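S.K.: Shown below is the structure under consideration.
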Amino acid sequence: MMKVALVGCSNPLKAAYRPVVDQLVKILEDRGLEIVVSQFLTDDTLIGRGEKRARELESFFLDPEMAHIFDISGGDLANTVLGHLDLDQIKDSQAVFYGYSDLTTILTALAKNGNEAVNFQLRNCLVNKDLLKSGYFDRLLAGKEAAKELDELEVTFVRGSEMAGPVYGGNLRCLLKLAGTPYWPDFTGSILLLEAYRGQPELVASLLEQCWETGIFNQISGVLLGTFSELDKLKESQLPAEILLDLLPANLPIAKTEFIGHRPDAKAIRLGQECVFKEVGV
Numbered sequence: 461m462m463k464v465a466l467v468g469c470s471n472p473l474k475a476a477y478r479p480v481v482d483q484l485v486k487i488l489e490d491r492g493l494e495i496v497v498s499q500f501l502t503d504d505t506l507i508g509r510g511e512k513r514a515r516e517l518e519s520f521f522l523d524p525e526m527a528h529i530f531d532i533s534g535g536d537l538a539n540t541v542l543g544h545l546d547l548d549q550i551k552d553s554q555a556v557f558y559g560y561s562d563l564t565t566i567l568t569a570l571a572k573n574g575n576e577a578v579n580f581q582l583r584n585c586l587v588n589k590d591l592l593k594s595g596y597f598d599r600l601l602a603g604k605e606a607a608k609e610l611d612e613l614e615v616t617f618v619r620g621s622e623m624a625g626p627v628y629g630g631n632l633r634c635l636l637k638l639a640g641t642p643y644w645p646d647f648t649g650s651i652l653l654l655e656a657y658r659g660q661p662e663l664v665a666s667l668l669e670q671c672w673e674t675g676i677f678n679q680i681s682g683v684l685l686g687t688f689s690e691l692d693k694l695k696e697s698q699l700p701a702e703i704l705l706d707l708l709p710a711n712l713p714i715a716k717t718e719f720i721g722h723r724p725d726a727k728a729i730r731l732g733q734e735c736v737f738k739e740v741g742v
């Protein structure tokens with residue numbers, strides 16, 4: 461029987477969250493999977509947290525029966541695990557790792573390492589039942605053969621009409637935690653994926669400027685913008701694209717999608733793998 465692990469590398473879950481975990485376990489068990497739940501999901505100890513979580517995560521990656529590892533956390537602490545993770549040891553693992561938001565740090569490092577890393581939050585299946593009813597989640601679990609379909613997101617181009625390349629990135633703030641570290645990938649020819657949950661206009665402008673300062677805007681083949689939740693509430697959803705039109709080279713494509721980010725209808729996208737996005741009709 462294939463195994464699935466539920467982990468929390470970012471902020472610990474509150475004890476009251478247990479019913480949510482139980483519901484996720486049932487969704488997976490209904491698909492004939494054996495579930496292993498991290499012993500650290502609700503552990504709020506800060507000292508030494510990263511190393512013990514890293515050792516547990518490595519054990520999941522090294523289990524030959526482990527098919528999927530879903531991180532169901534978010535917040536700020538995922539990079540405290542990353543620095544303790546032995547990426548060489550798990551490089552050949554066949555387990556697929558899923559997460560979003562703060563897990564951008566670990567997802568990016570895994571994708572750079574050659575592991576399968578998918579930007580997707582399992583908890584969405586509890587609030588967006590269509591992910592289950594439509595068979596989308598089952599196709600996601602099916603693996604590489606479903607990669608093409610999963611990457612065909614509905615996009616709208618702000619500039620240009622097509623972009624191609626391996627996708628790297630995720631949450632804007634969390635991606636920038638990796639700047640200057642060994643986990644920062646080579647963005648040459650890649651599509652830069654950016655989304656955010658938190659962020660007033662000033663913060664988003666500052667973080668995009670920092671992206672420009674790293675030099676990646678001169679390396680990438682295009683930018684794919686997901687949702688920026690706080691800006692959307694402020695009716696400022698156009699701001700990231702407007703800033704990028706000013707910062708990016710004049711010929712670089714920019715596209716937007718409503719299906720990557722913190723919305724419950726968000727879909728999956730595989731990091732480090734080749735994707736092609738085209739304007740409808742092109």
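Heads up: the sequence shown runs through residues 461 to 742, numbered per the numbering used here. Each residue gets a CB set at the ideal place from its N, CA and C atoms; glycine is no exception. Here the structure is a predicted model, which is why all the values come from computation and not from measurement.
(1) Would you mind stating whether G535 and Y560 have Cβ atoms separated by less than 9 Å?
(2) According to DSSP, K572 sits in a beta bridge with which residue or residues?
(3) To the nearest whole angstrom, what separates the beta carbons of V485 and L501, a pair I think is in contact under 8 Å?
(4) Helix, strand or coil for E518 per DSSP?
(5) Let me check understanding here. Comparing Cα to Cα, which of L545, R658, V587 lies closest to A726?
(6) Could you name the residues of the same chain whose beta carbon sits closer than 8 Å to that of E622, not counting the 5 residues immediately before and after it, in chain order?
(7) Closest to A701 by C-alpha separation, out of V664, Q581, Y643, V497, would be which residue?
(8) Taking all protein chains shown into account, do 16 or more other C-beta atoms lie within 10 angstroms of the C-beta of E655, making it buried, or fewer, making it exposed?
(9) Just to confirm before moving on: does the CB-CB distance between L600 and V618 stay below 9 Å?
(10) So, do the stretch 502-514 and the stretch 558-576 have three or more beta carbon pairs nearer to each other than 8 Å?
(11) Could you give the uninterrupted runs of the beta strand (DSSP E) lying entirely in the stretch 633-703, keeping only those of 3 residues or more?
(12) Check the DSSP bridge columns for R730 and list the partner residues they point to.
(13) Can you name the residues that DSSP bridges to P709?
(14) Would you mind reading off the limits of the alpha helix (DSSP H) that contains T616?
(15) Is G510 helix, strand or coil by DSSP?
(16) Looking only at its own chain, which residues have a Cβ that is under 6 Å from the Cβ of N539, when we skip the five neighbours before and after it?
(17) Is the beta carbon of D503 closer than 9 Å to that of P524?
(18) For V497, does the three-state DSSP call read helix, strand or coil?
M.R.: With the structure as the only source:
(1) no
(2) In the DSSP output, where bridge partners are listed per residue, K572 has none listed.
(3) Contact flag wrong, Cβ pair sits at about 12 Å.
(4) helix
(5) V587
(6) P713, V736, F737, K738, E739, V742
(7) Answer by Cα proximity: V664.
(8) Looking at its Cβ environment, which holds 16 or more other Cβ atoms inside 10 Å, E655 is buried.
(9) no
(10) no
(11) Listed in chain order, the beta strand (DSSP E) runs fully inside the stretch 633-703 are 651-656, 682-688, counting runs of at least 3 residues.
(12) V578
(13) In DSSP, P709 forms no bridge with anything.
(14) No alpha helix (DSSP H) holds T616; the beta strand (DSSP E) holding it covers 616-619.
(15) helix
(16) T565, K637
(17) no
(18) strand
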